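What follows is a set of notes on a single structure, which appears directly below.
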Amino acid sequence: MSILVYANTAINKVHKSAFEAVSYGAQIAEKSGDKVTAVVVGNADNLDSLGKYGADNVVHVTSDKLDDFQPNLIAEAMQKAAADNNSSIIIFSHDLSGKSIAPILAAKMNAGIVTGAVDLPQTDGDFIVKKAVFSGKAYAHVKINTATKIISLTPNALEKKEFNKSASIESKSYELADSRLKVKEQKIQSTDLPLTEAELVVSAGRGLKGPENWGMIEELAKALGAATACSRPVSDMDWRPHHEHVGQTGVAIRPNLYIAIGISGAIQHLAGVNQSKVIVAINTDPEAPFFKAADYGIVGDAFEVVPKLVEAAKAMNHD
Amino acid sequence: MKILVCISKAPDTTSKIAFTDNNTAFDKNGVQFIINPYDEWYALVRGLELKEANGGSVTILNVGGADNDPTIRKALAIGADDAVRINMEPTDALGVAKQIADYAKENAFDMVLCGKETIDYNGSQVGGMVAAFLDQPFVSNASKLDMVGNTATIERDIQGGKEIIEVDTPFVLSAAKGMAEARIPNMRGIMAARTKPLQVVEPSAFENTSEVASYELPPAKGACKMVSADNPAELLELLRNEAKII
Ligand SMILES: Cc1cc2nc3c(=O)[nH]c(=O)nc-3n(C[C@H](O)[C@H](O)[C@H](O)COP(=O)(O)OP(=O)(O)OC[C@H]3O[C@@H](n4cnc5c(N)ncnc54)[C@H](O)[C@@H]3O)c2cc1C
Ligand SMILES: Nc1ncnc2c1ncn2[C@@H]1O[C@H](COP(=O)(O)O)[C@@H](O)[C@H]1O
Numbered sequence: 009m010s011i012l013v014y015a016n017t018a019i020n021k022v023h024k025s026a027f028e029a030v031s032y033g034a035q036i037a038e039k040s041g042d043k044v045t046a047v048v049v050g051n052a053d054n055l056d057s058l059g060k061y062g063a064d065n066v067v068h069v070t071s072d073k074l075d076d077f078q079p080n081l082i083a084e085a086m087q088k089a090a091a092d093n094n095s096s097i098i099i100f101s102h103d104l105s106g107k108s109i110a111p112i113l114a115a116k117m118n119a120g121i122v123t124g125a126v127d128l129p130q131t132d133g134d135f136i137v138k139k140a141v142f143s144g145k146a147y148a149h150v151k152i153n154t155a156t157k158i159i160s161l162t163p164n165a166l167e168k169k170e171f172n173k174s175a176s177i178e179s180k181s182y183e184l185a186d187s188r189l190k191v192k193e194q195k196i197q198s199t200d201l202p203l204t205e206a207e208l209v210v211s212a213g214r215g216l217k218g219p220e221n222w223g224m225i226e227e228l229a230k231a232l233g234a235a236t237a238c239s240r241p242v243s244d245m246d247w248r249p250h251h252e253h254v255g256q257t258g259v260a261i262r263p264n265l266y267i268a269i270g271i272s273g274a275i276q277h278l279a280g281v282n283q284s285k286v287i288v289a290i291n292t293d294p295e296a297p298f299f300k301a302a303d304y305g306i307v308g309d310a311f312e313v314v315p316k317l318v319e320a321a322k323a324m325n326h327d
Numbered sequence: 362m363k364i365l366v367c368i369s370k371a372p373d374t375t376s377k378i379a380f381t382d383n384n385t386a387f388d389k390n391g392v393q394f395i396i397n398p399y400d401e402w403y404a405l406v407r408g409l410e411l412k413e414a415n416g417g418s419v420t421i422l423n424v425g426g427a428d429n430d431p432t433i434r435k436a437l438a439i440g441a442d443d444a445v446r447i448n449m450e451p452t453d454a455l456g457v458a459k460q461i462a463d464y465a466k467e468n469a470f471d472m473v474l475c476g477k478e479t480i481d482y483n484g485s486q487v488g489g490m491v492a493a494f495l496d497q498p499f500v501s502n503a504s505k506l507d508m509v510g511n512t513a514t515i516e517r518d519i520q521g522g523k524e525i526i527e528v529d530t531p532f533v534l535s536a537a538k539g540m541a542e543a544r545i546p547n548m549r550g551i552m553a554a555r556t557k558p559l560q561v562v563e564p565s566a567f568e569n570t571s572e573v574a575s576y577e578l579p580p581a582k583g584a585c586k587m588v589s590a591d592n593p594a595e596l597l598e599l600l601r602n603e604a605k606i607i
């Protein structure tokens with residue numbers, strides 16, 4: 009038996025979220041004694057690092073049909089790899105690629121699936137996976153009833169563990185159907201980490217008054233090595249790009265640190281960030297709801313506090 | 362152009378989340394229900410815009426009990442032509458997707474539009490599953506959808522950016538922010554919705570592949586530790602030495 013992990017790649021590299029997924033599979037395997045097989049589609053020049061996080065072997069699927077992102081075909085390849093490796097548990101990352109592929113595979117295999125897992129499954133007796141529901145306001149413990157089980161892991165939810173195995177790598181070309189979906193153009197925004205994978209996030213809201221004031225936010229983010237985010241009105245007014253919008257209707261993130269500057273802390277905003285490990289709120293209004301959700305707070309004017317924070321962060325980096 | 366829009370009912374975004382029956386059921390007491398925002402603001406409205414530009418029809422599909430009818434009527438008030446409710450309490454996404462796919466197979470839609478996820482279960486599952494059951498291409502997290510003849514040009518979010526793709530009908534799509542602007546139903550729409558057809562269909566047989574065993578609320582947050590605005594450097598000290606995250 010084996011645990012199969014889809015290890016996604018971006019810009020010729022196995023992604024950080026893929027290492028988390030592999031490490032998650034390997035931690036399940038520690039208990040079950042299964043082998044861990046990572047499946048990589050497309051080019052990646054760091055395949056051997058999959059062993060570090062617990063892969064025993066790597067199946068590198070090569071097919072020119074897979075040059076573009078083709079969720080239906082990747083699901084087909086995963087189904088074939090699952091059959092080849094006699095896999096009973098299949099792991100994805102709950103990122104944009106996992107969200108597309110995993111449900112297709114679940115339907116093809118009639119396998120029970122839990123998306124957005126935040127912890128290792130409980131395997132004594134029933135097979136139960138914990139996931140966030142109600143936009144981070146609660147958790148559900150979901151029981152999978154089928155022999156084949158599919159889980160997608162929320163990025164940044166669990167510490168990745170190192171196993172330092174040396175994984176064997178095998179190339180495989182599966183016979184795949186033709187896709188009707190043609191990719192015309194790709195707009196890769198940046199080689200930066202996507203917001204969902206950032207460990208530190210500096211975010212700002214309408215309290216900043218206008219887009220021209222984001223310089224100090226970017227500076228703070230840079231000094232801390234953090235990504236930037238914003239509240240919904242800020243992206244609605246085009247002060248910031250849409251992919252920075254976090255919350256109920258934007259992206260949901262769970263970084264180790266979320267700093268909210270000039271954001272009131274409306275429930276729909278909190279829904280996207282309330283799973284962050286540590287939350288800092290900076291706001292002129294001591295009654296701002298964000299302070300109820302925060303671990304640390306500063307009541308003060310962002311235009312005075314943030315420049316001081318930038319200085320302090322730079323000084324800290326020089327220590 | 363025949364368009365099927367799958368809508369789910371969700372608690373209003375400001376609802377207090379609590380559970381009953383020994384933490385096995387969501388406490389609906391005092392909760393206002395809405396159409397899941399992605400389904401309403403993006404999938405439904407873009408579907409209506411395409412119909413208005415190209416002709417055809419927009420059908421609403423919901424898998425749920427009779428208490429969903431007011432939510433379905435709201436979708437009709439926004440402008441859908443007719444609605445179908447598959448009469449069962451959803452227990453897992455595969456079950457829901459199976460019902461949707463069975464209905465869609467019999468009625469040959471040009472496209473099935475879903476939301477990218479529900480805001481209560483946060484599954485991001487149903488759309489992809491429907492596509493697999495129908496053996497159609499799945500375009501997830503779409504932020505733009507344009508049609509010329511039977512060819513769709515779609516912008517979708519992918520890891521690290523966006524992509525423009527082309528696909529011919531039929532296909533299944535999950536909608537994200539950007540696809541359309543929310544519409545508020547007007548009085549005429551609300552009146553018309555009362556008499557639009559809402560067909561109730563009994564579900565086909567299926568077995569649960571997964572089920573929620575219990576719910577849990579996160580532990581309450583401790584008090585927020587306040588730092589003086591005069592000394593923000595102290596915040597960084599705390600983050601480094603107490604929280605140990607930077
Ligand atoms: C269905 C629905 C979904 C929604 N989804 C989202 C979502 O996904 N994400 C989201 O963010 N919102 C969402 N919203 C909107 C949400 O309800 C709030 O309106 C929004 O989050 C407010 O943004 P804000 O905090 O930036 O602005 P405001 O509410 O205007 O708050 C600005 C804050 O800045 C403070 N401030 C002012 N000046 C300063 C200064 N000089 N220094 C420091 N602080 C200052 C003020 O005290 C205030 O607390 C949604 C709403 C609905 C109805
Ligand atoms: N009970 C339901 N009836 C009809 N459509 C649904 C139902 N549940 C989910 N959907 C659709 O599937 C999408 C994704 O749901 P989920 O997989 O639960 O996150 C939703 O945005 C809806 O478009």
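Heads up: the sequence lines are chains A and B, in that order. Remember, the numbering used here sits 8 above the position in the first sequence when you count from 1. Remember, the numbering used here sits 361 above the position in the second sequence when you count from 1. Even for Gly, the Cβ is constructed at its ideal location relative to N, Cα and C. All of these numbers come straight from a predicted model, not from anything done at the bench.
Practice task
Go ahead and label His23/A buried or exposed: buried means 16 or more other beta carbons lie within 10 angstroms of its beta carbon, across all protein chains shown.
Solution key: buried
Problem - Backbone CA spacing between Asp64/A and Lys412/B [nearest angstrom] - result: 52 Å
Exercise for the section: State whether the segment 43-51 of chain A contacts the segment 142-161 of chain A, with contact taken as three or more CB pairs (one from each stretch) at a distance under 8 Å. Expected result: Short answer: they don't touch.
Practice task
Please list, in chain order, all residues of the same chain as Tyr266/A whose beta carbon is under 6 Å from its beta carbon, the five residues on each side excluded.
Solution key: Around Tyr266/A: Val209, Val281, Ser284 and Ile287.
Exercise for the section: With ligand 1 as the reference, list in chain order each residue whose Cβ lies under 5 Å from any of its heavy atoms. Expected result: Gly213/A, Arg214/A, Gly215/A, Ser239/A, Arg240/A, Pro241/A, Gly255/A, Gln256/A, Thr257/A, Gly258/A, Gly270/A, Ile271/A, Ser272/A, Ala274/A, Gln276/A, His277/A, Asn291/A, Thr292/A, Asp293/A, Ala296/A, Asp309/A, Ala310/A and Thr374/B
Problem - Start-to-end residues for the alpha helix (DSSP H) that takes in Asn415/B - result: Unbroken alpha helix (DSSP H) run through Asn415/B: Val406 to Asn415.
Exercise for the section: Please decide whether Ser499/B counts as near chain A, where near means a Cβ-Cβ distance under 8 Å. Expected result: Note that residue 499/B is Phe in the sequence shown, not Ser. Yes, because at least one Cβ of chain A sits closer than 8 Å to the Cβ of Phe499/B.
Handout entry: Closest residue to Ala18/A among Cys238/A, Leu201/A and His253/A (Cα-Cα distance)
Key = Leu201/A
Problem - Rounded C-alpha distance that separates Ala110/A from Gly484/B - result: 11 Å
Exercise for the section: Within the same chain, show all residues whose beta-carbon is closer than 7 Å to that of Ser535/B, passing over the 5 residues directly before and after it, in chain order. Expected result: Residues Cys475, Gly476, Lys477, Gly488, Ser501, Asn502 and Ala503 of the same chain have their beta carbon placed closer than 7 Å to that of Ser535/B, with the five preceding and five following residues left out of the count.
Exercise for the section: Confirm, please, whether the CB-CB distance from Asn397/B to Thr479/B is below 8 Å. Expected result: Cβ distance < 8 Å, so Thr479/B and Asn397/B count as in contact.
Exercise for the section: Using beta-carbon positions only, say whether Gly124/A and Ala146/A come within less than 8 Å of one another. Expected result: no
Problem - Cutoff 8 Å: Val242/A Cβ touching any chain B Cβ - result: no
Exercise for the section: Could you please tell me which residues of the segment 75-105 of chain A, in chain order, have their CB closer than 9 Å to any CB of chain B? Expected result: Taken in chain order, the members of the segment 75-105 of chain A whose beta-carbon sits within less than 9 Å of a beta-carbon on chain B are Asp76, Phe77, Gln78, Pro79, Asn80, Ala83, His102, Asp103, Leu104 and Ser105.
Exercise for the section: Please check the pair Ala590/B and Glu312/A, which I expect to be a contact at CB under 8 Å, by giving their CB distance rounded to whole angstroms. Expected result: Indeed they touch by this definition, with Cβ atoms about 7 Å apart.
Exercise for the section: May I ask you to verify whether the segment 565-574 of chain B touches the segment 112-121 of chain A, counting CB pairs closer than 8 Å and requiring at least 3? Expected result: yes
Practice task
Would you check if the segment 369-389 of chain B and the segment 506-525 of chain B touch, i.e. whether three or more CB-CB distances between them fall below 8 Å?
Solution key: These segments do not touch.
Practice task
Have a look at Asp75/A and Lys195/A and give me their C-alpha separation to the nearest angstrom.
Solution key: 15 Å
Problem - Local conformation of Tyr147/A per DSSP, three classes - result: strand
Practice task
Report the option in Pro297/A, Met9/A and Ala148/A whose CA atom is closest to the CA atom of Phe380/B.
Solution key: Ala148/A
Exercise for the section: Identify each residue in the segment 461-491 of chain B for which the Cβ-Cβ distance to at least one residue of chain A is less than 9 Å, and report them in chain order. Expected result: The segment 461-491 of chain B vs chain A, Cβ under 9 Å: Ala462, Lys477, Glu478, Ile480, Asp481, Tyr482, Asn483, Gly484, Ser485, Gln486, Val487, Gly488, Gly489, Met490 and Val491.
Exercise for the section: Mind listing the chain A neighbours of Asn502/B? Cutoff is C-beta to C-beta under 8 Å, in chain order. Expected result: Listed along the chain, the chain A residues whose CB falls inside 8 Å of the CB of Asn502/B are Leu104, Lys107 and Ser108.
Exercise for the section: Only counting runs of 3 or more residues, tell me where the beta strand (DSSP E) segments fall wholly within the segment 171-227 of chain A, in order along the chain. Expected result: The segment 171-227 of chain A contains these whole beta strand (DSSP E) runs: 176-180, 190-196 and 208-212.
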